[in-house]
Amino acid sequence: MMYRITKKGQPIVYDIMTTSGEIWSLGIEVIVCKHLENAEWGRIRFGANHFWILMWNQTPGAAIESGGMSYELSKDCVCLIAPHTLRHYTSETPFTQFYIQFTLTGNVGAVTPGVYRMPSGFVKKIHPEIMKNPDEMSRMLAVNSVVAHYLSRLPSGTFSMPGGKAMDPRIEKALSIIDAEYMRPIPLLSLCRRVGMSQNNFLRNFSRYLGISPEKYIGELRCRHAEQLLRFTNKSIPEIAEELGYVDRYHFSKRFKNYGGVSPAEFRKHLVPESGKPQH
């Protein structure tokens with residue numbers, strides 16, 4: 006069951022004075038806030054989004070995997086997921102979750118992708134007010150206070166300095182294209198044309214904001230998806246290679262081994278009993 010707590014509204018803007026006396030603005034725009042009961046992700050939920058996500062699970066049974074780390078979701082911690090964070094979700098049992106999806110506006114600078122865990126004391130205190138208050142404005146202000154609180158607890162260096170340049174909107178557009186189309190070939194020149202950038206400028210700025218090349222970003226998206234297909238489906242390796250946009254299984258196997266250190270067949274062999282799913 007899902008309870009939609011707020012409707013999308015205008016951003017709430019905070020004007021902040023820096024130590025140098027400059028005034029800069031931070032806007033929080035809540036896209037959706039939901040309370041989920043008996044939610045299930047299953048085993049193949051995966052991607053990278055252009056918005057922020059805050060999750061607080063009141064019951065166990067779900068986890069986020071990102072950057073080689075697994076983050077168990079529980080009532081004692083909040084997970085804040087930065088934009089463009091490569092990840093996938095898993096759940097073993099149904100769970101209850103409080104969920105906020107939001108974006109930031111203003112001169113906040115670029116943000117480092119990642120999953121950030123923090124104590125849940127503040128949201129535990131505010132959550133009853135959000136759930137029970139009949140006034141829409143009061144609920145929205147309470148939701149924004151939760152977002153602002155956990156943003157303020159992010160590690161130093163997560164954002165560029167106040168007044169720093171935010172991500173180029175053309176790079177954000179490229180990320181949206183990649184996230185939607187990574188399972189089929191995305192020629193670099195075609196991608197550059199679609200976002201209106203020269204190839205050199207695009208490569209330089211993409212690496213500046215994401216810390217990796219477009220080719221590596223796409224490759225990691227595909228390989229993370231491949232891991233889930235190998236782990237939780239009966240699809241053969243050639244079928245997975247075709248689904249993910251590779252020319253053949255050999256090209257796919259080479260990329261997968263470069264990514265994880267083992268071939269797709271070896272990866273599946275270590276996960277599945279001999280009587281289980283096919284390995285070829």
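Under my numbering, the first residue of the sequence shown is numbered 6, with each subsequent residue one higher.
Beta carbons: idealized from backbone N, C-alpha and C, even for Gly.
Note that the structure is predicted; figures quoted are calculated from it, not measured.
task = Please work out which residues of its chain come closer than 7 Å, Cβ to Cβ, to Tyr155, disregarding the five sequence neighbours upstream and downstream, and give them in chain order.
result = So the list reads Leu59, Val83, Leu85 and Met123, once near-sequence residues are dropped.
On the CB-based measure, 16 or more other CB atoms within 10 Å of its CB, does Met145 come out buried or exposed?
buried
Alpha-carbon spacing of His40 relative to Ser125, whole angstroms = 16 Å
| message | Output needed for Glu248: all residues of its chain with C-beta closer than 8 Å, excluding positions within five of it in sequence on either side, in chain order. | response | Met188, Leu234 and Lys240
- Under 9 Å between C-beta atoms of Gly266 and Cys228: It is not a contact, given that the beta carbons lie outside the stated cut-off.
Could you give the distance in angstroms between the alpha-carbon of Glu177 and the alpha-carbon of Phe272?
33 Å
Note to self: With three or more beta-carbon pairs closer than 8 Å as the criterion, would you say the segment 92–99 touches the segment 128–143?
What the structure shows: Taking 8 Å as the limit for Cβ pairs, the verdict is that the segment 128–143 does not touch the segment 92–99.
Between Val37 and Gln106, how many whole angstroms is the CB-CB distance? I'm expecting something under 8 Å.
5 Å
Coil, strand or helix - Tyr155 by DSSP = helix
Spatial neighbours of Phe100 in its chain, beta-carbon cut-off 6 Å, leaving aside the 5 residues before and after: Ala44, Asn62, Thr64, Gly66 and Ala67
Rounding to the nearest angstrom, what Cα-Cα distance links Pro167 and Arg254 in this structure?
Per-residue confidence for Pro167 stands at a pLDDT of 44, beneath the threshold of 50, marking its modelled position as unreliable; the derived number appears in the next sentence. Cα to Cα, the separation comes out at about 47 Å.
* To do: Tell me, please, which residues DSSP counts as bridged to Leu78.
  => BP columns for Leu78 point to Ala67.
Ends of the alpha helix (DSSP H) at Ser96? No alpha helix (DSSP H) contains Ser96, which is instead part of the beta strand (DSSP E) from Arg92 to Ser96.
- prompt: Under a three-way DSSP split, which group does Asn210 fall into?
  reply: DSSP places Asn210 in helix when its eight states are reduced to three.
Between the alpha carbons of Val252 and Thr110, how many angstroms are there, rounded? 41 Å
Report task. With DSSP as the reference, please indicate the residues paired to Arg122 in a beta bridge. Result -> Cys84
For Ile242, tell me which candidate among Gly224, Glu225, Ser150 and Phe261 has the shortest Cα-Cα distance.
Phe261
Requested in this report: Answer with buried or exposed for Glu232, where buried requires no fewer than 16 other C-beta atoms within 10 angstroms of its C-beta.
Outcome: buried
For Cys1: DSSP bridge partner residues: The requested residue 1 does not occur in the structure, where the chain is confined to residues 6 to 285.
**Asked** Do you know whose CA, among Met74, Gly72, Tyr121 and Ser79, lies nearest Ala87's CA?
**Response** Tyr121
Would you verify that the beta carbon of Arg236 is, or is not, closer than 9 Å to some beta carbon of chain D?
Note that chain D does not occur in the displayed structure, where there is just one protein chain.
Along the chain, where does the beta strand (DSSP E) that runs through Ile58 open and close? Where Ile58 is concerned, the enclosing beta strand (DSSP E) stretches over Trp57 to Asn62.
Handout entry: Residue(s) in a DSSP beta bridge with Ala44
Key = Phe100
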